[in-house]
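Residue numbers for the sequence shown follow this note's numbering, beginning at 29 and rising by one.
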Amino acid sequence: MDLFWSKVEKSSDCWEWRGARKTPGGYGHFRYKGKTLKAHRFAWEAIYGPIPPGIHILHKCDNPGCVNPGHLFAGNAKDNACDAVSKGRAAGQKLPVSDARKIRELYSTEKFTHAELGKLFRVSRRTIGDIVNRHTFTQV
29 MDLFWSKVEK SSDCWEWRGA RKTPGGYGHF RYKGKTLKAH RFAWEAIYGP
79 IPPGIHILHK CDNPGCVNPG HLFAGNAKDN ACDAVSKGRA AGQKLPVSDA
129 RKIRELYSTE KFTHAELGKL FRVSRRTIGD IVNRHTFTQV
């Protein structure tokens, strides 16, 4: 446990993981008892106990390198997806939530095609279709 916390730079805000970061997203990794674990999940378990199956540990601060237990919260897969979208960093997301709302609003006027909206917002016609048919941005 001491080895883990020795790799954390504590400040009054985010506690930055200074060990390995093996993913493009910047999440820290820590090797413990022969397993490689995400540092923020290890920090959560060190303070709050085991994480039930299917539960994600999310960052209030939206800093993947932060292991401050006060900045972490538990949620399910839907919570994780909604959190990512609300913070504008969902995988493959090119548009802010406000644009998705605007696309639906404009499309509902029946004055724009998917192709026209795609050009307007600089995304593909299929992306527009996914938004208006609620295949993406489902929480909006």
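Cβ atoms here follow ideal geometry from the backbone N, Cα and C, with glycine treated the same way.
All values derive from a computational prediction rather than experimental measurement.
Where residue i sits in the DSSP three-state scheme
{"i": "PHE70", "result": "helix"}
{"i": "TRP45", "result": "strand"}
{"i": "GLY157", "result": "helix"}
{"i": "HIS163", "result": "coil"}
{"i": "LEU65", "result": "strand"}
{"i": "GLY146", "result": "helix"}
{"i": "TYR60", "result": "strand"}
{"i": "GLU138", "result": "coil"}
{"i": "VAL36", "result": "strand"}
{"i": "VAL113", "result": "helix"}
{"i": "ILE131", "result": "helix"}
{"i": "TYR76", "result": "helix"}
{"i": "LEU123", "result": "coil"}
C-alpha distance - residue i paired with residue j, whole-angstrom precision
{"i": "HIS99", "j": "SER126", "result": "26 Å"}
{"i": "VAL160", "j": "GLY53", "result": "29 Å"}
{"i": "GLY77", "j": "ILE156", "result": "43 Å"}
{"i": "LYS106", "j": "ALA112", "result": "10 Å"}
{"i": "LEU145", "j": "ALA109", "result": "25 Å"}
{"i": "SER114", "j": "LYS63", "result": "32 Å"}
{"i": "CYS89", "j": "ARG132", "result": "30 Å"}
{"i": "TRP33", "j": "LEU65", "result": "14 Å"}
{"i": "GLY82", "j": "ILE75", "result": "19 Å"}
{"i": "PHE58", "j": "ARG150", "result": "40 Å"}
From the options, residue whose alpha carbon lies closest to that of residue i
{"i": "ILE79", "options": "LEU123, LYS88, ARG69, HIS87", "result": "ARG69"}
{"i": "ASP41", "options": "ASN104, HIS87, ARG59, LYS139", "result": "HIS87"}
{"i": "TRP45", "options": "GLY82, HIS84, ASN91", "result": "ASN91"}
{"i": "LYS130", "options": "LEU148, PHE32, ILE85", "result": "LEU148"}
{"i": "TYR60", "options": "LYS139, ASP30, ALA128", "result": "ASP30"}
{"i": "VAL168", "options": "TYR135, VAL151, PRO124, ARG150", "result": "PRO124"}
{"i": "CYS94", "options": "VAL151, GLY47, GLY62", "result": "GLY47"}
CB contact flag (residue i, residue j, <8 Å)
{"i": "PRO97", "j": "ALA71", "result": "yes"}
{"i": "GLY103", "j": "HIS84", "result": "yes"}
{"i": "ARG153", "j": "HIS142", "result": "yes"}
{"i": "PHE165", "j": "ALA128", "result": "yes"}
3 or more residues per run - each beta strand (DSSP E) lying fully within the stretch 83–110: Qualifying beta strand (DSSP E) stretches, in chain order: 84–87, 100–103.
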